[in-house]
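Residue numbers (our numbering), protein chains in the order written: chain F, 100 to 382; chain X, 352 to 462. For glycine and all other residues, C-beta sits at the position ideal for the given N, C-alpha and C. All values derive from a computational prediction rather than experimental measurement. The next block holds one structure in the form of structure tokens; read it before the comments.
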Amino acid sequence: MNRSKGDRQHTTEKLAAVTSVAINVVSTPTSSDSYRTGLVSYQQSPGVQVVSRSVLNEIEVQARGRYTEKNFRRTQNEAHARLIATAAVIDPETARLLEPYRAQITPEGDISVVNPTRQALEWDTPTIWKKSYFEERGMDRFVQVLRGNYKMTGHAAMMTTTSGALSETAVSTPPTSNPADGSGDVPKQAVIVESSRPPTRACYLLALALSPRDRQAVVGDLIEEYRGYIVPEFGKRHAQWWFWSQTVRSIWPVISQRLFRLAGGLLLAKAAAWLRANWPGVS
Amino acid sequence: LGKGDYLGAFEQLVLFALVRLGDGAYGMKIRREIATRADREVAIGAVYATLERLEAKGFVSSHDALERDEERGGNARRFFRIEAPGITALDESWKALKAMSRGFKPARGEA
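Rendered as structure tokens:
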């Protein structure tokens, strides 16, 4: 394929961006929190649009040892899925690695992931990944990929060699999204927001207990902490439990304060009525 | 300080958190500050109930942010700030605590 000097330069710059950000992501974290933050900034970085096997490997290698095995698996599964869901370009090797998943899509649209995936993305836990699992997290694009609806854009891109080193294979121009017909990338902000929806019933319950003045502030604070800290740190299941626990524990102080105020007001009114009845001179 | 103006232990924690956080203090940050530094996991409702009580005493003031944040489900933040009477009350409370704890040696567990 003929490529202009500008194209080559663009590709080289992009390679450098991928490598440097990947190295930055994998070398700086000191805790799971910062690893997550690094990963999110990696995904949001405009220069990084390519999912390649070596980048995944590098992140995985560095992420090991920071988690227990179970948490590592969970985090890594989600991280990989997110990378795929948000990447503009999926390199051919990764696309090939995704092939086994197609056979595992059930007629209901759920995704069953079993041992063959060990070879692909290290998802070696025998688990049924419900379609809703991905949809709840805004991973529609990932579901599309698994369904075989994705198309390699032709602009693509980069791939890994068998030795794992990055190499150029084609002209690399990032595909542009087209909001009009809904094609293109899932908006990255939307992916992150949608990925952590708090329990709706808990929100309603809390809002019901709160005064209109406090409603926005309290519910907003809980949602912010849930999305910003608890989900990334502990995963969605624990985060939902945390949200409910905060809700239940918050209701009593809030209601008791309102009742106390109400009781105080009633007591004062009673006292005033009694005074008026017994001492007519008192106003 | 009036009789009703003495600070409870949790009120002290909240006021200290406000001092530490400065102008950017709001419910979630205060809760996390207390959880991180004092190792005390509290409910957000308890934090707000305390802040409301402190506000009624004039120790704290609050204002709602104008912009709504999508990360918070479209809800606005309410920022809190410690006021001069709050600083005085905290100072008094801190002095009392220091005076009472003078000469006190924390018990150490047997190895």
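- A Cβ of chain F is located within less than 8 Å of the beta carbon of residue 379 (chain X).
- Put simply, the backbone Cα of residue 416 (chain X) is about 13 Å away from that of residue 320 (chain F).
- By the rule that beta-carbons nearer than 8 Å mark a contact, residue 316 (chain F) touches chain X.
- Assigned with DSSP and collapsed to three states, residue 309 (chain F) falls in coil, not helix or strand.
- Boundaries around residue 386 (chain X) are those of the alpha helix (DSSP H), 378-388, since no beta strand (DSSP E) includes it.
- At least one CB of chain F lies nearer than 8 Å to the CB of residue 423 (chain X).
- Non-local beta-carbon contacts of residue 306 (chain F) in its own chain, meaning distances under 8 Å to residues more than five positions away in sequence, involve 314 and 318 in chain order.
- Residue-level contact check: residue 348 (chain F) touches chain X, since one or more beta carbons of chain X fall below 8 Å from its beta carbon.
- Residue environment for residue 435 (chain X): exposed (fewer than 16 other C-beta atoms within 10 angstroms of its C-beta).
- Residue 453 (chain X) does not reach chain F, its nearest Cβ partner there being about 34 Å away, counting only Cβ pairs nearer than 7 Å.
- Flagged as an interface residue toward chain X: residue 352 (chain F), by a C-beta distance shorter than 8 Å.
- In the DSSP assignment, residue 426 (chain X) is bridged to X:420.
- Beta-bridge partners assigned by DSSP to residue 433 (chain X): X:411.
- When rounded, the separation of the alpha-carbon atoms in residue 339 (chain F) and residue 322 (chain F) is 11 Å.
- In the three-state reduction of the DSSP assignment, residue 330 (chain F) falls in the helix class.
- Rounded to whole angstroms, the gap between the alpha carbons of residue 400 (chain X) and residue 390 (chain X) is 20 Å.
- Within the model, the alpha-carbon separation for residue 370 (chain X) versus residue 374 (chain F) is close to 44 Å.
- Here residue 379 (chain X) is buried: its Cβ has 16 or more other Cβ atoms, across all protein chains shown, within 10 Å.
- Under the Cβ criterion of 8 Å, residue 357 (chain X) is not counted among the residues facing chain F.
- Between the beta-carbon of residue 352 (chain F) and that of residue 325 (chain F) there is about 19 Å, and that puts the pair past the 8 Å contact cut.
- Judged by DSSP in its simplified three-state form, residue 391 (chain X) adopts coil rather than helix or strand.
- Close to residue 394 (chain X), with beta-carbon spacing below 7 Å, are these residues of chain F in chain order: 345, 348, 349 and 352.
- For residue 321 (chain F), the nearest beta carbon of chain X is closer than 8 Å to its own beta carbon.
- Taking a Cβ-Cβ cut-off of 7 Å, the neighbours of residue 326 (chain F) in chain X comprise 422, given in sequence order.
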